[in-house]
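**Q**
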Amino acid sequence: MTIEIRAQQIRKRQNRRNAMKMAGRYCLAIGITLVFIFPVYWLFSISFKTPDEIFHHPPVWFPESIQFDNYGVLFKDGDAITVWNSLVIATVSTVFAMFLGTIAAYSLARFKTGGQHLGIWIISQRMLPPIVIVFPIFLLYVWLGWVDTYHGLIILYTAFNLPYVIWMMRGYMEDIPIELEESALVDGCSRWEVLWKVVLPLARSGIFATAVFTFVFAWNDFIFALILSRTEVTTFPVQVTHYFGGQSNFWAKIAAMSVLGTIPIFIAVAIMQRFLVRGISMGAVKG
Amino acid sequence: MDTLGAHRSPAKAFSAGRFADKNFKYLTIAPAVFLILLIGLFPLVYTLMVSFQNINMMEVDTSFSGLMNYEMLFEESRLWLSLGHTLIFTAIALPIELGLGLLMALLFLERLPGKQIFVALLVLPTMMSPIVAGAVWRLLFDNRYGPINQILGWIAGEPVTILWTINPDFVYPAILIAEVWQWTPFMFLILLAGLSNVDSAQTEAAEIDGAPYWLIFYKIIIPAIWPVMAIALLIRGLDLFRLFDVVYALTQGGPGTMTETISVYAYVQGFKQFETSFTGAIAFLVIIMLTVIVIYALKKMELVEK
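Taken in order, these protein sequences are the chains called X and E. Residue numbering for the first sequence follows my numbering, starting at 1 and increasing by one per position. Residue numbering for the second sequence follows my numbering, starting at 1001 and increasing by one per position.
(1) Please go through the stretch 209–240 of chain X and give each complete alpha helix (DSSP H) segment of 4 or more residues, from N-terminal end onward.
(2) Out of E:Trp1080, E:Gln1053, E:Asp1061, E:Leu1139, which has the shortest C-alpha to C-alpha gap to Tyr243 of chain X?
(3) Give the single residue among E:Ala1133, E:Lys1022, E:Arg1111 whose Cα lies nearest to the Cα of Tyr26 of chain X.
(4) Determine whether the beta carbon atoms of Phe1052 of chain E and Leu1067 of chain E lie at a separation below 9 Å.
(5) Helix, strand or coil for Val1123 of chain E per DSSP?
(6) Going by DSSP, which residues form a beta bridge with Ile122 of chain X?
(7) Along the chain, where does the alpha helix (DSSP H) that runs through His151 of chain X open and close?
(8) So is Trp956 of chain E buried or exposed if we call it buried at 16+ other beta carbons inside 10 Å?
(9) Mind checking if Ala19 of chain X is an interface residue toward chain E, Cβ cutoff 9 Å exclusive?
(10) Measure the C-alpha to C-alpha separation of Arg1018 of chain E and Lys1025 of chain E and round it to an integer number of angstroms.
(11) Classify Trp196 of chain X as buried or exposed, calling it buried when 16 or more other Cβ atoms lie within 10 Å of its own Cβ.
(12) Comparing the C-beta of Phe1170 of chain E with each C-beta of chain X, is any distance below 9 Å?
(13) Do Ile207 of chain X and Tyr172 of chain X count as a contact pair if the criterion is CB distance below 9 Å?
(14) Classify Gln1273 of chain E: buried if its beta carbon has 16 or more other beta carbons within 10 angstroms, exposed otherwise.
(15) Does the distance from the CB of Glu1260 of chain E to the CB of His1085 of chain E come in under 9 Å?
(16) Please confirm if Ala270 of chain X has its CB atom under 9 Å from at least one CB of chain E.
(17) Give the secondary structure of Asn85 of chain X by DSSP, where H, G and I count as helix, E and B as strand, and everything else as coil.
(18) By DSSP, does Val1060 of chain E sit in helix, in strand, or in coil?
(19) Quick one: what's Asn1054 of chain E bridged to in DSSP?
(20) With DSSP run on the structure shown, which of helix, strand or coil describes Thr1165 of chain E?
(21) Since Ser1200 of chain E meets chain X, which of its residues come closer than 9 Å, beta carbon to beta carbon?
(22) Quick one: does Ile1222 of chain E have its CB under 9 Å from some CB of chain X?
(23) Could you check whether the Cβ of Trp121 of chain X sits closer than 9 Å to any Cβ belonging to chain E?
(24) Going by C-alpha to C-alpha distance, which of X:Ala284, X:Ala184, X:Ala270 sits closest to Met1229 of chain E?
(25) What number of angstroms, rounded off, separates the C-alpha of Asp1061 of chain E from the C-alpha of Val233 of chain X?
(26) Mind listing the chain X neighbours of Arg1236 of chain E? Cutoff is C-beta to C-beta under 7 Å, in chain order.
(27) Show which residues of chain X have a CB atom less than 9 Å away from the CB atom of Thr1078 of chain E.
(28) Got a sec, what are the start and stop residues for the alpha helix (DSSP H) Gly1101 of chain E sits in?
(29) Helix, strand or coil for Leu1189 of chain E per DSSP?
(30) Take Tyr106 of chain X as the anchor and find which of X:Ala209, X:Val238, X:Thr241, X:Val194 has the nearest alpha-carbon.
(31) Which residue spans inside the stretch 6–37 of chain X form an unbroken beta strand (DSSP E) run of at least 3?
(32) Is Thr1047 of chain E closer than 9 Å to Ile1262 of chain E when the C-beta atoms are compared?
(33) Give me the subset of the stretch 1158–1189 of chain E whose CB atoms are less than 7 Å from a CB atom of chain X, sorted by chain position.
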């Protein structure tokens, strides 16, 4: 047997072993993903089930037909307005937080305003438990008459998300080469023009990614909305908990409302792929 | 910073444009700092103030009442129990999330067709609203119509009727399962990114020298991803310390006060019992504890210089 044939045999065996290994890893990957995705599937499937299918023992694994009655009820009863409330509050607070946070981040990134301490102080504000923040804010809002108002929640979400925006945008802006800004300054641009015309366009993708995350945080929040809303500006997470209670016949509403609140998250994940890791790790991993 | 302005005539220096340019770095950061003070400094000061008064549902006594509320903290066993529950949740969930996340990251590290799709699907739980996650598990855990008991029944070979959210033996596993389900993908994503950045030349060199995999793992891979791992642990640890949504959705702290976390306890005291001043004292205690823990953790993890 020549050496060449022997080498070929070994290579073939290795390839086969690699293929087997790959198949094994593939099965494992699919299995794990199914386990993690099953609860999401179950949520969707309940939202499409008829009451008979929901309260069937043993459980019905696949709804007979896709029907939207459970969603129709939400719109007919007016409960779907809470999704609209969430949308308004999350969107407006995101716009404010992005504007204020981005210009502040530029100040931190370029001029090192306040040294290292200001940056650390800002991000440390995010570490406090929301209940600790919302308790005095609630007392303040009662005094101001801001409980159960749009602006009350919008201001709180703006303030709460600002540290995140500043922290993330500082990172994105530090990635931008300073030379472009310097040449714009030499050309006679004011500082403000430099920020507006040179820096922001370059930080476009970072701004976009941070905005999506900020929106998701405000959209998903429960505890602030629970305490600072009553009936007028109830957001969808609070509405979901209104269906809890002893009576289990609200299952369809729980599921349908949760799905309405989860669809924007799906869209966010789909368009955010590239920035996911950097976004959730608060910029610690550039991914 | 801007010394050029000093040579110009005073009239010019005080024109609006010059002023804006000169103080640009302060003007841009001021509104943000002002708003953050609203949630950063104001709660601290106001909570401290309230905690020295005596405000509750019955009376509004704003006179200085000394350390009364703080003395009550030490007598209130429910507070320390809720703190204990919070620590139990953290101590169990954090290592499981880290371990599972790490194993999954290792699985997905090598080339795998369709990796992007897997990652996108796996990240969904993490991005969902925690209260929705709690609601989902409420439906899954239902003793009669939920699929969990059904699946367990298949495995056991006999009908299983566990009351997950009521039975004292199962409330902790129920909350932990929901928690681990939602946040393991978070660990997975961050660790996957961390592992991808490990210099493969080093691990290959060790492999050629005949080092076994576990040794390479402990001596090269873990130290290399440690900074990333530490950040992930810190973020998750702080999240677990404020655990609220999943508990609220699944058990509301019950049965009794068995699963009450510090956040749930503060919520009940402040917004159900209206013990305003006492809640102020709790909140202040939490702020102090967190500050100490965070500073200690940061130093221990060597993320900031000593």
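Cβ coordinates follow ideal geometry from the N, Cα and C atoms, glycine included. The structure displayed is predicted, hence computed values, not measured ones.
**A** So, from the data block:
(1) 223–228
(2) Along the first sequence, read from residue 1 onward, the residue named residue 243 of chain X stands at position 243. The residue with the shortest Cα to Cα distance from Tyr243 of chain X is E:Leu1139.
(3) Within the first sequence, residue 26 of chain X is the residue found at index 26, counting from 1. When each option's Cα is compared against that of Tyr26 of chain X, the closest is E:Arg1111.
(4) Working through the second sequence from its first residue, we reach residue 1052 of chain E at position 52. Working through the second sequence from its first residue, we reach residue 1067 of chain E at position 67. Yes; because the gap between Cβ atoms is below 9 Å, this pair is in contact.
(5) As a working mapping, residue 1123 of chain E is identified with position 123 in the second sequence. Here Val1123 of chain E sits in coil by DSSP.
(6) Here residue 122 of chain X is taken as the residue at index 122 of the first sequence, counted from 1. DSSP lists no partner for Ile122 of chain X.
(7) If you number the first sequence from 1, residue 151 of chain X lands on position 151. Here the alpha helix (DSSP H) through His151 of chain X covers 150–174.
(8) Lying outside 1001 to 1306, the shown extent of chain E, residue 956 of chain E is not represented and no answer is given.
(9) Mapped onto the first sequence, residue 19 of chain X falls at position 19. Chain E contact via Cβ: absent.
(10) Within the second sequence, numbered from 1, the residue matching residue 1018 of chain E stands at position 18. Within the second sequence, numbered from 1, the residue matching residue 1025 of chain E stands at position 25. When rounded, the distance between both Cα atoms is 13 Å.
(11) The count along the first sequence starts at 1 and reaches residue 196 of chain X at position 196. Label assigned to Trp196 of chain X: exposed.
(12) For the purposes of this step, residue 1170 of chain E is taken as the residue at position 170 of the second sequence. Cβ-Cβ to chain X under 9 Å: no for Phe1170 of chain E.
(13) On the first sequence, residue 172 of chain X is found 172 positions in, with the first residue counted as 1. On the first sequence, residue 207 of chain X is found 207 positions in, with the first residue counted as 1. The answer is yes: Cβ separation under 9 Å.
(14) As a first step, residue 1273 of chain E is located in the second sequence; it is residue number 273 there, counting from the start. Under this definition Gln1273 of chain E is an exposed residue.
(15) In the second sequence, the residue the question calls residue 1260 of chain E occupies position 260. In the second sequence, the residue the question calls residue 1085 of chain E occupies position 85. Yes.
(16) As a first step, residue 270 of chain X is located in the first sequence; it is residue number 270 there, counting from the start. Chain E, which has a Cβ nearer than 9 Å to the Cβ of Ala270 of chain X, makes this yes.
(17) On the first sequence, position 85 is the one that residue 85 of chain X refers to. Of the three classes helix, strand and coil, the one that applies to Asn85 of chain X here is helix, per DSSP.
(18) The residue you call residue 1060 of chain E lines up with position 60 of the second sequence. Here Val1060 of chain E sits in strand by DSSP.
(19) As a first step, residue 1054 of chain E is located in the second sequence; it is residue number 54 there, counting from the start. Beta-bridge pairing links Asn1054 of chain E to E:Asp1061.
(20) Locating residue 1165 of chain E in the second sequence gives position 165, counting from the first residue. Correct three-state label for Thr1165 of chain E: coil.
(21) For this step, residue 1200 of chain E is matched to residue 200 along the second sequence. Those do not exist, as Ser1200 of chain E stays about 17 Å from chain X at its closest Cβ, beyond 9 Å.
(22) To locate residue 1222 of chain E, count along the second sequence from 1; it is residue 222. It does not; no Cβ of chain X falls within 9 Å.
(23) Locating residue 121 of chain X in the first sequence gives position 121, where the first residue counts as 1. Chain E contact via Cβ: present.
(24) Numbered from its first residue, the second sequence carries residue 1229 of chain E at position 229. Residue X:Ala284 is the option with its Cα nearest to Met1229 of chain E.
(25) In the second sequence, counting from the first residue as 1, residue 1061 of chain E sits at position 61. In the first sequence, counting from the first residue as 1, residue 233 of chain X sits at position 233. Taking the straight line from one Cα to the other gives about 32 Å.
(26) Position 236 of the second sequence, counted from the first residue, corresponds to residue 1236 of chain E. The premise fails here: Arg1236 of chain E is roughly 11 Å from chain X at the closest Cβ pair, so nothing lies under 7 Å.
(27) Within the second sequence, residue 1078 of chain E is the residue found at index 78, counting from 1. One detail in the question is off: residue 1078 of chain E reads as Arg in this sequence, not Thr. Chain X residues near Arg1078 of chain E: none, gap ~16 Å exceeds 9 Å.
(28) For the purposes of this step, residue 1101 of chain E is identified with residue 101 of the second sequence, where counting begins at 1. Here the alpha helix (DSSP H) through Gly1101 of chain E covers 1077–1109.
(29) Counting from 1 along the second sequence, the entry for residue 1189 of chain E is found at position 189. Of the three classes helix, strand and coil, the one that applies to Leu1189 of chain E here is helix, per DSSP.
(30) What you label residue 106 of chain X is simply residue 106 of the first sequence in a count that begins at 1. It is X:Val194.
(31) none
(32) Translated into positions along the second sequence, residue 1262 of chain E becomes position 262. Translated into positions along the second sequence, residue 1047 of chain E becomes position 47. Against a cut-off of 9 Å, the Cβ pair of Thr1047 of chain E and Ile1262 of chain E comes out as no contact.
(33) Trp1181, Pro1185, Phe1186, Leu1189
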